[in-house]
Structure formats: C-alpha cells, structure tokens
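Below: the structure, in structure tokens.
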Amino acid sequence: MIGLGVGLLLAAIAFMTVGAKGSWDFVLPFRGTKLLAMTLVGVAVAVSTVMFQTVTDNRILTPSIMGFDALYLLLQTFLVFTIGSARLAAVDGGVRFGGEVAVMVTFGVMLYRWLLIGARRSVHVLVLAGIVLGVLFRSLSSFMQRLIDPNEFQVLQDAMFASFNSFDRSLVWPAAGLLAVAVSVAWGLRRRLDVLLLGRERATSLGVDYRRTVGLVLVVVAVLVSVSTALVGPIMFFGLLVANLAYRIAGSHRHAVVMPAAALLGVLALVAGQTVLERVFAFDTALAVIIEFLGGIVFLALLVRGEKR
C-alpha cells in the first residue's frame, strides 16, 4: 500500500510538472482539474468492480460488462438522433449530467435487483442477461447511427470512448460530491462484504441481512459507475484490470485492504498512463483505447485459465 501511494504521488507530480510551459496560474488549475477527474474515475471504477465481484462471487464480471457502457452509448446516440448535436450542446451540462446519471442508476438498480435478489439465479443467467442487453443497446445505437447525418455522427464519436481531455470541467465537483457519499457507504459495508464472500447461506446464518445488504451494494455500484461514465465516458475493461491486480497485490480477501489497493491502482494506472501518452510520447490517442486493449487481453486470459481449471 505504501509503495502504491508513493508511486501515485510520483505519477501525480510528473503529470503536473513535466512539459509545463507558460504561467503556473494557468497550468496548475488546468492540469489539477484533469488529475482530479482521473482520481474520481479510478476510485469509482475500482471500488465498484470489487464490490460487484463480491456480490456475484465471480472475478470476471464487472458492472461495465453488464451493459452500462452500451446504455450510455445508446443514450448519447438517442439524444443526437432526436434533438441534434447543436441543441444537445446547448443543454446545461449539469442538467445533462444529472439526467444521464439518473437513467443509468435506475437501469442498474432494476437489473441487478431482479437478477441477484429475486429468485435464485446462477451467474450464467447474469452473464447472459448482460450480454443480451448489451447487444440490444448496441444494435439500437448502430441502427440510429446509420440514420443520422455524417456530421452528427462525427460529433457522436467523441462519446464512444472515455476522454480526460474533453470532459465538462464544471461537473468535476458535483461528481466528487456524489462519489464521496457513495465511497463512504461502500467503506461502511466493508465488513459485511467480507461475510458475503462466504456465500449466501453462510452469510445469512452469521446474521447478515442478505437481501438488504446486496440491495444497498447494488445501489452504490450503480451510482459509482453511472457518475464516472457520465463524467468522462465508458471504460469497459478497466475495472476488471485493476481489481484482479489488486487481489494479487493485496494478498488478502478483506475489503479493508482490497478496496484501497484497487483504488490506488486505478488512479495510478490512469495518471501514469495519461502522463506517458501526453508528456513522453505526445500521442493524441485516448488512454481508454489502450486500456480496452489490455483489459480485453486480461479478460480472455481469465476465461482461458478458468476453462483449464
């Protein structure tokens, strides 16, 4: 944990200072806001993934794989298709942000409660439901994208990948407030999450209200993922990547250790990766594209390893 903290501090200093030109009165606030956004997204995605994998008892599933990213893309496509990019750009950023978060939180809570708290359902049903809904949302998005004007589609492309260069900076502090509340609730649930690792029957026999606890966890997960996605855009495999690294580094199943480790890894990966891309190689490629590539490899490796076992 100390090593991760030191690494994150060094990465943050490098991000704030390397290649800085001009007045520090401009550089520090400009880069500081971007650093804060990466911190919020890294913590939100990492903590939500660890909690979701605890509830599902599966280290391959993530909230993003279950359709959040596809829903976000469908929402953006529908707005551009119906009202146009010009009118959409005129909508107040706070109103748009709040609407996107509300839609995704509602979807997440309804889906997860139905699949995990209702009748006993297997993980295979959960995976299938996520895949089917993701395919449905992407198909609807693709259909509308074929009908819209090419200029409108060019504007829409910016929303298909997470970007830390083009997000609305006025939304950082409202997002920070929402995520602070959600992370505080998640930290308060850490001991009950440890008990949930034992399974539904054992957790119930040890006095944990399973339905209530899982319901609260799903609400927190939905808020974390929705806020981070609405802020910068979708990052599908990032949570899978940092969560599985955190399990290996932490050396413990206790959430008091795993969640902070995952959060530190998430922020470190984003800050260090963005620093290398922007300051060292001067690439214009979005960091999310590289994360998707690496995360996809990890996902396939986990599937193959599980099949061998």
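Quick note on my numbering: the sequence shown kicks off at 458 and runs consecutively. Ideal placement from N, C-alpha and C gives every residue a C-beta, glycine not left out. Keep in mind it's a predicted model, so treat the numbers as computed, not measured.
In this model, SER685 and GLY753 are separated by some 20 Å (Cα to Cα). The beta carbons of THR732 and VAL475 sit about 7 Å from each other, so the pair counts as a contact at 8 Å. HIS712 counts as buried, since no fewer than 16 other beta carbons sit within 10 angstroms of its beta carbon. Taken atom to atom, the span from the alpha-carbon of LEU604 to that of LEU590 is near 22 Å. A Cβ-Cβ contact shorter than 8 Å links GLY499 with VAL724.
In the DSSP annotation of this structure, the continuous segment of the alpha helix (DSSP H) that includes ASP651 starts and ends at 647-653. Residues ALA527 of the same chain have their beta carbon placed closer than 6 Å to that of ARG595, with the five preceding and five following residues left out of the count. By the CB criterion at 8 Å, LEU688 and PHE624 fall inside the cutoff.
By the criterion of at least three beta-carbon pairs nearer than 8 Å, the stretch 652-661 is not in contact with the stretch 481-496. The Cβ atoms of VAL558 and SER683 lie closer than 8 Å to each other.
Looking only at PHE509, ALA546, SER598, LEU698, the smallest Cα-Cα distance to LEU721 is reached by LEU698. Nearest to ARG488 by C-alpha distance, out of PHE750, ARG736, LEU681, is ARG736. A distance below 6 Å between beta-carbons, with the five flanking residues on each side excluded, links LYS491 to the following residues of its chain, in chain order: PHE621. The DSSP assignment places complete alpha helix (DSSP H) segments of no fewer than 4 residues inside the stretch 586-665 at 607-614, 629-645, 647-653, 657-662, in order along the chain.
In the structure shown, the three-state DSSP call for HIS710 is coil. With a 10 Å radius around the Cβ and a threshold of 16 neighbouring Cβ atoms, PHE738 comes out exposed. Ranked by how close their Cα comes to the Cα of THR563, the residues ASP615, GLY550, GLY524 have GLY524 in first place. Closest in C-alpha terms to VAL612, from the list PHE600, GLY541, LEU585, comes GLY541. Scanning its chain for C-beta atoms nearer than 8 Å, with the 5 sequence neighbours on each side dropped, one finds around ALA633 the residues LEU493, LEU497, in chain order.
Apart from sequence neighbours up to five positions away, the residues of its chain that approach LEU663 with a beta-carbon distance below 8 Å are VAL652, LEU655, ordered along the chain. Straight across, the Cα-Cα distance linking VAL560 with VAL638 is about 19 Å. The residue from ALA471, ASN515, THR534, VAL504 with its alpha-carbon nearest to that of MET617 is THR534.
Judged by beta-carbon spacing, MET508 lies beyond the 8 Å limit of VAL676, meaning their Cβ atoms are not closer than that value. Assignment of MET458 by DSSP, reduced to helix, strand and coil, places it in the coil class.
Looking only at ALA700, ARG544, VAL592, the smallest Cα-Cα distance to GLN510 is reached by ALA700. Comparing C-alpha distances from TRP630 to each of PRO520, MET495, ARG648 shows the shortest one belongs to MET495. VAL728 and LEU530 have their C-alpha atoms some 25 Å from each other. Judged by DSSP in its simplified three-state form, THR519 adopts coil rather than helix or strand. In this structure, GLY730 is the residue among ARG648, GLY708, GLY730 with its C-alpha nearest to the C-alpha of ILE747. For ILE540, the enclosing alpha helix (DSSP H) starts and ends at 526-547.
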